[in-house]
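S.K.: Would you mind keeping the following structure in view while I ask a few things?
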Amino acid sequence: MHLQGIAELLAEQGVTLILVARRRDKLIELSKKLQSKTSCYVCDCDLADTDSISEALDKIPQDFANIDVLINCAGAALGVGPAQEADWNDWQAMINVNCVGLAFITQRLLPNMVENNKGHVINIGSTAGTYPYKGGNIYGATKAFVKQLTLNIKADLLGTAVRVSNIEPGMVSDSEFSLVRFKGDADKANAVYEGIEALSSVDLANTVLWVLTQPPHVNINRVELMPINQAPQRTAYHKGTHKTES
Ligand code: 8X3
């Protein structure tokens, strides 16, 4: 998961962390790994469910409550089929976690940052939010939402020292992203990256750290990164006849 690579790099810097995700056992395992470097609070909640997020945020202990960096790195792609064959439940799940959950937690934490005049919201978007591809349908649309929300929040933050950034990676191979997209079919998930040295969660974490450590007057609005072996797709075309009603 992206969370792990980012948390590990920030722990190296001694940053106090709140680890937020659904699976408590995984979070505890990660926090144990990081405990020699920093203090971590484990906050298990379902980022697709605003009640669950709200309840979890309300339980954050006082020592951790002054949150000045929010990294929205949860997100999912489900399915690779065309829009006309999509399962609505997959679309709803992507909208819930990639858009609703992200917007909700951001909206909850932003007022404190503005009040303190200190903070940074870093969203993990995707190149899919800019470049369309076959089967990208709602996933790309949710990431376009994240990109535009970032830029619009930037406009609202004018006059404050709070920063907001969108990091937009292309293919990242060492997370569960592809496995989730192919619904657990590891062969199909791995085949996507065969012959490509894809980005890693370390590359992503390095980008987060770079964005975060710019001088206070510098706001990185967007960073787009791809493996050397990936490029934005050319405009698609179809040769031959198109289907018409007879
Ligand atoms: C994922 C980017 O190109 O694997 O956010 O769909 S891609």
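For the sequence shown, our numbering begins at 57 and goes up steadily by one.
Ideal Cβ placement from N, Cα and C applies to all residues, glycine included.
Since this is a predicted model, take the numbers as computed values, not measurements.
#1: Could you tell me whether any non-hydrogen atom of ligand 1 is closer than 7 Å to the CB of M227?
#2: Does the separation of the CB atoms of M282 and G226 fall below 8 Å?
#3: Let's see if you can read the secondary structure: which residues bound the beta strand (DSSP E) around N219?
#4: Can I109 and G157 be called in contact, C-beta distance under 8 Å?
#5: Under 8 Å Cβ to Cβ from P138, same chain only, skipping five residues before and after it: list those, please.
#6: Just the Cα atoms here: how many angstroms apart are V177 and L126?
#7: Under 7 Å from any heavy atom of ligand 1, does the C-beta of L137 make it?
#8: Grab me the residues of C129's own chain with a C-beta within less than 7 Å of its C-beta, minus the 5 sequence neighbours each way, in chain order.
#9: Is there at least one non-hydrogen atom of ligand 1 closer than 7 Å to the beta-carbon of G192?
#10: Leaving aside the five residues before and after G196 along the sequence, list all residues of the same chain whose C-beta is less than 7 Å from its C-beta, in chain order.
#11: Report the residue from V153, S95, W144, V71 whose alpha carbon sits nearest the alpha carbon of D102.
#12: Just reading off the beta strand (DSSP E) that Y195 is part of, what are its end residues?
#13: Does the beta carbon of A184 fall short of 7 Å from some heavy atom of ligand 1?
#14: Need the endpoints of the alpha helix (DSSP H) that N262 sits in, please.
#15: Of all the options P288, A242, D100, N275, which has the alpha carbon lying nearest to the alpha carbon of R219?
#16: Please return the same chain residues whose Cβ sits closer than 6 Å to the Cβ of F160, not counting the five positions on each side in sequence.
#17: Quick check: the Cα distance between K239 and A132, rounded to an integer number of angstroms?
#18: Look up D114 in the DSSP assignment and say whether it is helix, strand or coil.
#19: Is the number of C-beta pairs between the region 62-75 and the region 260-273 that are closer than 8 Å three or more?
#20: Pick helix, strand or coil for E280, following the three-state DSSP scheme.
#21: Just curious, the beta strand (DSSP E) that N179 is in, first and last residue?
M.R.: Put simply:
#1: Translated into the one-based positions of the sequence shown, residue 227 becomes position 171. Under cutoff, so the answer is yes.
#2: Indexing the sequence shown from 1 puts residue 282 at position 226. Indexing the sequence shown from 1 puts residue 226 at position 170. It is a contact, given that the beta carbons lie within the stated cut-off.
#3: As a first step, residue 219 is located in the sequence shown; it is residue number 163 there, counting from the start. Asn is not the amino acid found at residue 219; the sequence shown has Arg there. For R219, the enclosing beta strand (DSSP E) stretches over residues 219-225.
#4: Numbered from its first residue, the sequence shown carries residue 109 at position 53. Numbered from its first residue, the sequence shown carries residue 157 at position 101. Yes, they are a contact pair.
#5: The residue you call residue 138 lines up with position 82 of the sequence shown. Correct list, in chain order: K190, G191, N193.
#6: Within the sequence shown, numbered from 1, the residue matching residue 177 stands at position 121. Within the sequence shown, numbered from 1, the residue matching residue 126 stands at position 70. The straight-line gap from Cα to Cα measures roughly 5 Å.
#7: Indexing the sequence shown from 1 puts residue 137 at position 81. For clarity, residue 137 is Gly in the given sequence; the question names Leu instead. For ligand 1, not one heavy atom lies less than 7 Å from the Cβ of G137.
#8: Translated into positions along the sequence shown, residue 129 becomes position 73. So the qualifying residues of the chain are H58, L59, I62, I180.
#9: Your numbering for residue 192 matches position 136 in the sequence shown. Yes - ligand 1 has a heavy atom lying nearer than 7 Å to the Cβ of G192.
#10: Position 140 of the sequence shown, counting from 1, holds the residue named residue 196. Around G196: A184, G185, P188.
#11: Residue 102 sits at position 46 when you count from the first residue of the sequence shown. From the listed residues V153, S95, W144, V71, the smallest Cα separation to D102 is found for V153.
#12: Taking the sequence shown and counting its residues from 1, one reaches residue 195 at position 139. Looking at the DSSP string, Y195 is not in any beta strand (DSSP E); the run it does join, the alpha helix (DSSP H), is 193-212.
#13: Here residue 184 refers to the residue found at position 128 of the sequence shown. A184: yes, Cβ under 7 Å from ligand 1.
#14: For this step, residue 262 is matched to residue 206 along the sequence shown. N262 -> alpha helix (DSSP H) spans 257-268.
#15: As a first step, residue 219 must be located in the sequence shown, where it is residue number 163. If we check each option's Cα against that of R219, N275 comes out closest.
#16: Position 104 of the sequence shown, counted from the first residue, corresponds to residue 160. The residues are T106, I109.
#17: Locating residue 239 in the sequence shown gives position 183, counting from the first residue. Locating residue 132 in the sequence shown gives position 76, counting from the first residue. Taking the straight line joining both Cα atoms gives about 11 Å.
#18: Here residue 114 corresponds to residue number 58 of the sequence shown, with the count starting at 1. The answer is helix: DSSP assigns D114 an H, G or I state.
#19: yes
#20: In the sequence shown, the residue the question calls residue 280 occupies position 224. Three-state result, E280: strand.
#21: Counting from 1 along the sequence shown, the entry for residue 179 is found at position 123. DSSP places N179 in the uninterrupted beta strand (DSSP E) bounded by 176-180.
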